[in-house]
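Each residue of the sequence shown is one higher than the one before, counting from 3 in the numbering used here.
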Amino acid sequence: MAQAVDRDTNRPLEPPSEFIVKVQDINDNPPEFLHENYHANVPERSNVGTSVIQVTASDADDPTYGNSAKLVYSILEGQPYFSVEAQTGIIRTALPNMDREAKEEYHVVIQAKDMGGHMGGLSGTTKVTITLTDVNDNPPKFPQSVYQMSVSEAAVPGEEVGRLKAKDPDIGENGLVTYNIIDGDGMELFEITTDYETQEGVVKLKKPVDFETKKAYSLKVEAANVHIDPKFISNGPFKDTVTVKISVEDADEPPMFLAPSYIHEVQENAAAGTIVGRVHAKDPDAAGSPIRYTIDRHTDLDRYFNIGQEDGFIKTTKPLDREETAWLNISVLATEFRNTMLTTKVPVAIRVIDVNDNAPKFAAPYEGFICESDQTKPPIVSISADDKDDTANGPRFLFTLPPEIVHNPNFTVRDNRDNTAGIYVKRGGFSRQKQDLYLLPIVISDGGIPPMSSTNTLTIKVCGCDVNGALLSCNAEAYVLNAGLSTGALVAILACIVILLVIVVLFVTLRRQKKEPLIVFEEEDVRENIITYDDEGGGEEDTEAFDIATLQNPDGINGFIPRKDIKPEYQYMPRPGLRPAPNSVDVDDFINTRIQEADNDPTAPPYDSIQIYGYEGRGSVAGSLSSLESATTDSDLDYDYLQNWGPRFKKLADLYGSKDTFDDDS
Numbered sequence: 003m004a005q006a007v008d009r010d011t012n013r014p015l016e017p018p019s020e021f022i023v024k025v026q027d028i029n030d031n032p033p034e035f036l037h038e039n040y041h042a043n044v045p046e047r048s049n050v051g052t053s054v055i056q057v058t059a060s061d062a063d064d065p066t067y068g069n070s071a072k073l074v075y076s077i078l079e080g081q082p083y084f085s086v087e088a089q090t091g092i093i094r095t096a097l098p099n100m101d102r103e104a105k106e107e108y109h110v111v112i113q114a115k116d117m118g119g120h121m122g123g124l125s126g127t128t129k130v131t132i133t134l135t136d137v138n139d140n141p142p143k144f145p146q147s148v149y150q151m152s153v154s155e156a157a158v159p160g161e162e163v164g165r166l167k168a169k170d171p172d173i174g175e176n177g178l179v180t181y182n183i184i185d186g187d188g189m190e191l192f193e194i195t196t197d198y199e200t201q202e203g204v205v206k207l208k209k210p211v212d213f214e215t216k217k218a219y220s221l222k223v224e225a226a227n228v229h230i231d232p233k234f235i236s237n238g239p240f241k242d243t244v245t246v247k248i249s250v251e252d253a254d255e256p257p258m259f260l261a262p263s264y265i266h267e268v269q270e271n272a273a274a275g276t277i278v279g280r281v282h283a284k285d286p287d288a289a290g291s292p293i294r295y296t297i298d299r300h301t302d303l304d305r306y307f308n309i310g311q312e313d314g315f316i317k318t319t320k321p322l323d324r325e326e327t328a329w330l331n332i333s334v335l336a337t338e339f340r341n342t343m344l345t346t347k348v349p350v351a352i353r354v355i356d357v358n359d360n361a362p363k364f365a366a367p368y369e370g371f372i373c374e375s376d377q378t379k380p381p382i383v384s385i386s387a388d389d390k391d392d393t394a395n396g397p398r399f400l401f402t403l404p405p406e407i408v409h410n411p412n413f414t415v416r417d418n419r420d421n422t423a424g425i426y427v428k429r430g431g432f433s434r435q436k437q438d439l440y441l442l443p444i445v446i447s448d449g450g451i452p453p454m455s456s457t458n459t460l461t462i463k464v465c466g467c468d469v470n471g472a473l474l475s476c477n478a479e480a481y482v483l484n485a486g487l488s489t490g491a492l493v494a495i496l497a498c499i500v501i502l503l504v505i506v507v508l509f510v511t512l513r514r515q516k517k518e519p520l521i522v523f524e525e526e527d528v529r530e531n532i533i534t535y536d537d538e539g540g541g542e543e544d545t546e547a548f549d550i551a552t553l554q555n556p557d558g559i560n561g562f563i564p565r566k567d568i569k570p571e572y573q574y575m576p577r578p579g580l581r582p583a584p585n586s587v588d589v590d591d592f593i594n595t596r597i598q599e600a601d602n603d604p605t606a607p608p609y610d611s612i613q614i615y616g617y618e619g620r621g622s623v624a625g626s627l628s629s630l631e632s633a634t635t636d637s638d639l640d641y642d643y644l645q646n647w648g649p650r651f652k653k654l655a656d657l658y659g660s661k662d663t664f665d666d667d668s
């Protein structure tokens, strides 16, 4: 807004006026792209003109004056692979069959210029990174035509033999390869799998190989793409083949039996040393090492068999019983002589063939019952038999009476021809008073060759029955008691029993009166009880020429010997295991027993209680202990050893001391 005024008076000279000022644009802003860097992908092998990406730029100048009108796009870098549309900024491929495997990434610089690209126009640029994506346009190829591998004949199925790889420059799923064996003489023995992590084919052993049978195998292996692009099928075939040669290495193998198992037979009761059969093994190696055979004793704990170490013949060590064990299963080991670590085991089943060595017997303990007036026709009992032998040597059974009683007047046997028989009564009118029990022998024969038979006894009881034939009693004692005994017979029996008891009492009394008790007087009174024998005995070694019972104290029979010189304060209970010696014992054992009882008697006084035994026998180590001659004769015996017999023999030691002591006392 503007107005003219007087400078002096400052008064408006005219009304206010409006002025419009318009700024004219000049081209002072270059075009700018939306992004500084662009990234784009395009499949390899794309046709020419395939659109890759569109880039767009803008200009801040006013297009009215033509400063920013008609931006023009051009490619500054990236030729001759790509081109750009000048008006739209669309980038397209410029060459056919661009190969990702040759070059994967391209850098393209695009320029946008204003003023229609004329002189004086401003421009801006951007960078576009274009990556070729992979397509399956390359088949797998093996780098070599033949692969050499080896495997040991000792290898087990599943063991890896070797690896091979077909190269495929494609990536991702386009580079996946699978391997297969399509031909060769080892197709049954080998297999191939694919390791998808390394894209390798892994050759593995499928079945064991044998160096001695075949030393080399050849395989034809094919590698093929998993995914195939139909657009590039003309580039095929998308597979390749290679030859794999596998050599078998020799190894020291264990012995090999000619059969996986053996079955042999032997008759039961065959003598020890009978040949059962033979097993045979060989060394599969070319060297042919000798074989040694043994029986695994864990499978033959009873040691029924032995085997020839060199020939493999199995023999029995004892007769076998089929009825005890019909089948015996053992294991035989084959070991190389040169390498005992190489061992092979084979199962051997031995069937024990039955022979007719068991006679048939009653199937159960049969017992028959008949009434005293039995007139019945049915059998009193039905019998059957068992035979431990096999069916070929067992039934059919034949039941008969022994020849000597085939005409038995009381009973008869009828064979039912079905391995059973019935026992029938031939007459009636049995009496329990005359005979209440009949033992009927029955002969049972089997159908073996040769046949065997046994005689079995059937018990038949005669019983009392009611009018209907029901059994009442089979005990003959009632009839015997009815006959009874007369009163005189009973009195005579009782009188005999009383007389026998009186005789026994008298005999015991006389035996006790013959034994005189040993008398122990005062401490200083030493006497002997002399018993005279009219016999020239053999000393202590003779235990049969005299009765030693007279040397025993009858009071000690019950294990307790009372003291006669002092009354014990409490009852002495004999120690366990100290029992009085029987009448017929050795004198030395008898005396030792008495010494042991005295030494272990807690009620014994601290002084001696002398027991005198008037026995003068030969062979005694101590000689005579009698005091009758000790004081009046010059004896050469040395009694100093009595000092070592303890306090209980102190009196004897003083009486029968050394000669010097005795003379001084005298």
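Just so you know, even glycine gets a beta-carbon here, dropped at the ideal spot from N, CA and C. Note that this is a predicted model, so its numbers are computed, not measured.
Item, Value
"Option nearest Arg416 by Cα separation, candidates Ile382, Pro321, Ile235", "Ile382"
"The segment 392 to 402 contacting the segment 418 to 431, beta-carbon criterion three pairs below 8 Å", "yes"
"According to DSSP, residues forming a beta bridge with Tyr108", "Ile132"
"The segment 338 to 345 contacting the segment 310 to 327, beta-carbon criterion three pairs below 8 Å", "no"
"The segment 210 to 228 touching the segment 183 to 193, judged by at least three CB pairs closer than 8 Å", "yes"
"Rounded distance between the beta-carbons of Asn138 and Asn182, thought under 8 Å", "The pair is not a contact, with the Cβ atoms about 19 Å apart (cut-off 8 Å)."
"Given Val158 as reference, the closest of Glu199, Lys222, Val250, Gly122 once Cα atoms are compared", "Val250"
"Cys476 (DSSP reduced to helix, strand or coil)", "coil"
"Of the listed residues Lys463, Lys115, Val408, nearest to Ser433 (C-alpha basis)", "Lys463"
"Endpoints, beta strand (DSSP E) assigned at Val86", "84 to 86"
"Sufficient close CB pairs (3 or more, under 8 Å) joining the segment 88 to 101 to the segment 143 to 154", "no"
"Sheet register partners of Tyr440 (DSSP bridge)", "Ile462"
"Alpha-carbon spacing of Thr276 relative to Asn341, whole angstroms", "31 Å"
"C-alpha distance - Ile173 paired with Lys241, whole-angstrom precision", "16 Å"
"Outcome for Asp30 when other beta-carbon atoms lying within 10 angstroms are tallied against a minimum of 16", "exposed"
"Touch test, the segment 122 to 129 against the segment 217 to 228, Cβ-Cβ under 8 Å, three pairs minimum", "no"
"Option nearest Leu335 by Cα separation, candidates Leu322, Thr327, Ile316", "Ile316"
"Residues bridged to Ala600 (per DSSP)", "Answer is none; Ala600 lacks a bridge partner."
"Alpha helix (DSSP H) segment containing Ala62, residue limits", "Premise fails: Ala62 is in no alpha helix (DSSP H) and is neither H nor E."
"Assigned exposure category for Gln437 - 16 Cβ within 10 Å defines buried", "exposed"
"Check whether Ala289 and Leu260 have beta carbons under 8 Å apart", "no"
"Any 3 or more C-beta pairs closer than 8 Å across the segment 70 to 81 and the segment 39 to 50", "no"
"Of the listed residues Thr337, Thr319, Ala351, Thr318, nearest to Val328 (C-alpha basis)", "First, the amino acid is wrong: residue 328 is Ala here, not Val. Of the candidates Thr337, Thr319, Ala351, Thr318, the one whose C-alpha sits nearest the C-alpha of Ala328 is Ala351."
"Reference Pro443; option with closest CA among Ile55, Ile385, Asp252", "Ile385"
"Asn99, DSSP secondary structure in three states", "coil"
"For Met151, three-class secondary structure by DSSP", "strand"
"Cα-Cα separation between Leu474 and Tyr306, rounded to whole angstroms", "57 Å"
"Nonlocal neighbours in the same chain, by C-beta distance under 8 Å from Met151, ignoring five residues either side", "Val163, Gly164, Val205, Val246, Lys247, Ile248, Ser249"
"Exposure label - Gln573; buried when at least 16 CB within 10 Å", "Annotation note: pLDDT 46 at Gln573 (below 50); position unreliable, no value reported."
"For Leu492, the three-state DSSP class (helix, strand or coil)", "helix"
"Rounded C-alpha distance that separates Lys320 from Gly431", "57 Å"
"Own chain, CB closer than 7 Å to Ala168, minus 5 neighbours either side, in chain order", "Pro142, Lys143, Phe144, Val179, Ala225, Asp242"
"Cβ-Cβ distance between Thr95 and Val54 below 8 Å", "yes"
"Residues sharing a beta bridge with Ala226, DSSP", "Thr180, Lys241"
"Same chain, Cβ closer than 7 Å to Lys428, neighbours up to 5 away in sequence not counted", "Pro411, Asn412, Phe413, Thr414"
"Length of the line joining the Cα atoms of Tyr658 and Gly648", "15 Å"
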